[in-house]
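What follows is a set of notes on a single structure, which appears directly below.
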Amino acid sequence: MTKKIKIGLLPRIIIAIALGIGLGLVLPLPVVRVFVTFNSIFSHFLQFLIPLIIIGLITPAISDIGKNAGRLLLITTIIAYGDTVFAGYLSYFTSSSIFPSLISHGQEVEHIAESKALEPFFTINIPPLVDVMSALVSAFTVGLGIAFFDSKILKNGFDEFKDIVTKTIEVALIPLLPVYIFGIFLEMSHTGQAWRVLNVFIAIIGVIFALHIFLLVLQYCVAGLIVHRNPFKLLWNMLPAYFTALGTSSSAATIPVTLNHSIKNGVSSGIAGFVVPLCATIHLSGSCLKIVACAVALMLMMEMPFDVGLFTGFILMLGVMMVAAPGVPGGAIMAALGVLHSILGFDAQQQALMIALYITMDSFGTACNVTGDGAIALIIDKINARREGK
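In the working numbering, the protein residues as written are 2 to 391.
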């Protein structure tokens, strides 16, 4: 009996990119157009799902936070959101300063659009039920209403709808992503765009990794200052959680390790048991950092105009989307697609490139997220101790 070999999402994405670039140089035009046709249909399906993803994920998240708005929960949520927004601004100012020279160095400044896009054989138009902003407003309104009136029937209904959305992401979107990304790079290779995109990928990965390390050091310096302890020793104690997340790419799977080492750092078991699982859901500073950096890089590559005002709105809304991101591989970027389109104006191809670039570094973002959870646990434990007069 042979053992079935399971290939993770990241290896499948890398294989899809490599095959797309290689085969795009040799496959005839009709074969390439078959995958262009698939991508056209899939992109319409994706655009149809984005408002449903927003409603299905944000509504239960808002109702849960509103219903259980205890003091520590509120403080933890504010700190997690503030840290996520800070990571977004850190990423924006660093990326907008460094990336222009990295992306334009040794390259002619030309529009990618000079290469004609290939036409699909046919397409199926699947219009969304509502647009992105209507979905966001609906999610906030209904979520707060459920919390205020303690509507158990609506709450159960939206919890079940969230399960449907999460399952759709797991069994429909994520498995088809490698095929979609293969088609994107197949078309770009066939039309001569692929190498410029790859140069961007390589140029920014190192910068994003360095930003992750800086963010973690800063988080533990702040926590160490508050609890009056050596921040580097605190961070060192959390390295098992970092490397566990690096291997699993899952915040949820890393909770036991994060919990154990937060307690070893001196956090009370009660606070650790409250903060760590909560932050595994709502604290995604590493993911926000990556998404902002990737967005800046692609906007520079596509020569799309942007400024700090545009990204302020994007980062503030992205922080909300990260609270509702499902705990599946690629969940954060799937939750962010709505604001990428509505605020930054990303089309289907640009969203696909964002997905590919994000998932390439998915494990590093998850590792940054869960390790930062330990810093928040230290701060909340100190706040709670002061409240209790300890």
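Ideal placement from N, C-alpha and C gives every residue a C-beta, glycine not left out.
Take the alpha-carbon of Leu30 and the one of Ile22: they are about 14 Å apart. When DSSP states are grouped into helix, strand and coil, Val27 belongs to the coil group. For Ile344, there is no enclosing alpha helix (DSSP H), as DSSP marks it with neither H nor E. The C-beta of Ile79 has fewer than 16 other C-beta atoms within 10 Å across all chains shown, which makes the residue exposed. The residue among Cys222, Arg230 and Pro257 with its C-alpha nearest the C-alpha of Ser270 is Pro257.
Take Thr60, set aside five residues on each side of it, and the residues of its chain with a beta-carbon closer than 7 Å to its own are Ala140, Val143, Gly144 and Phe159, in chain order. When the five nearest sequence neighbours on each side are left out, the beta carbons in the same chain lying within less than 7 Å of the beta carbon of Pro278 are those of Ile256, in order along the chain.
Secondary structure note for Asn238: its alpha helix (DSSP H) is the uninterrupted segment Pro232 to Asn238. Spatial neighbours of Ile54 in its own chain (CB-CB distance under 6 Å, excluding positions within 5 residues in sequence) are listed in chain order as Val166. Between the stretch 282–297 and the stretch 83–90, the count of C-beta pairs closer than 8 Å reaches three or more; the two stretches touch. Boundaries of the alpha helix (DSSP H) around Glu161: Lys153 to Thr169.
Judged by DSSP in its simplified three-state form, His262 adopts helix. Using a Cβ distance threshold of 8 Å, Asn261 and Met239 do not count as a contacting pair. Counting every other CB atom within 10 Å of its CB across the protein chains shown gives Pro232 a total of 16 or more, marking it as buried.
Taking C-beta atoms as the reference points, Val276 and Ala378 count as a pair closer than 8 Å. Here Val86 carries a helix assignment [DSSP, helix/strand/coil]. Selection Val172, Met303, Arg72 and Ala62 evaluated against Lys163 yields Ala62 as nearest (Cα-Cα). By the Cβ-count criterion, Ala224 is buried, with 16 or more other Cβ atoms from all chains shown falling within 10 Å of its own Cβ. Only buried fits Gly25, as 16 or more other CB atoms lie within 10 angstroms of its CB. Per DSSP, Thr124 is not a residue of any alpha helix (DSSP H), being assigned neither H nor E.
The C-beta separation of Gly184 from Phe39 comes to about 6 Å, placing the pair in contact by the 8 Å criterion.
If the five residues before and after Thr372 are omitted, its C-beta is found closer than 7 Å to the C-beta atoms of Leu217, Met239, Ala242 and Tyr243, all from its own chain and listed in chain order.
By the C-beta criterion, the stretch 184–193 is judged not to be in contact with the stretch 330–348, since fewer than 3 inter-stretch pairs fall below 8 Å.
Contact check between the stretch 205–216 and the stretch 347–367: three or more CB pairs, one atom from each, fall below 8 Å, which counts as touching. The Cβ atoms of Ile18 and Ile182 sit closer than 8 Å to each other. In this model, Ala333 and Met323 are separated by some 6 Å (Cα to Cα).
Distances from the alpha-carbon of Ala336 to those of Leu219, Pro179 and Glu171 put Glu171 closest.
Within the stretch 269–344, the complete alpha helix (DSSP H) segments at least 4 residues long are 270–283, 286–302, 309–324 and 332–343, listed from N- to C-terminus.
The C-beta distance from Thr77 to Cys222 rounds to 20 Å, too long to fall under 8 Å, and the pair is not in contact.
Its chain contains Ile51 and Gln352 as the residues whose beta carbon lies nearer than 6 Å to that of Leu338, once the 5 sequence neighbours on both sides are disregarded; these appear in chain order.
A residue is called buried once 16 or more other Cβ atoms fall within 10 Å of its Cβ, and Ala136 is buried on that count. Annotated three-state conformation of Met362 is coil, per DSSP. Boundaries of the alpha helix (DSSP H) around His191: Ile175 to Thr192. Excluding the 5 residues flanking it on each side, Tyr90 has same chain C-beta neighbours closer than 7 Å at Ile316, in chain order. A straight-line Cα-Cα distance of about 54 Å links Phe150 and Val33. Counting every other CB atom within 10 Å of its CB across the protein chains shown gives Phe122 a total below 16, marking it as exposed.
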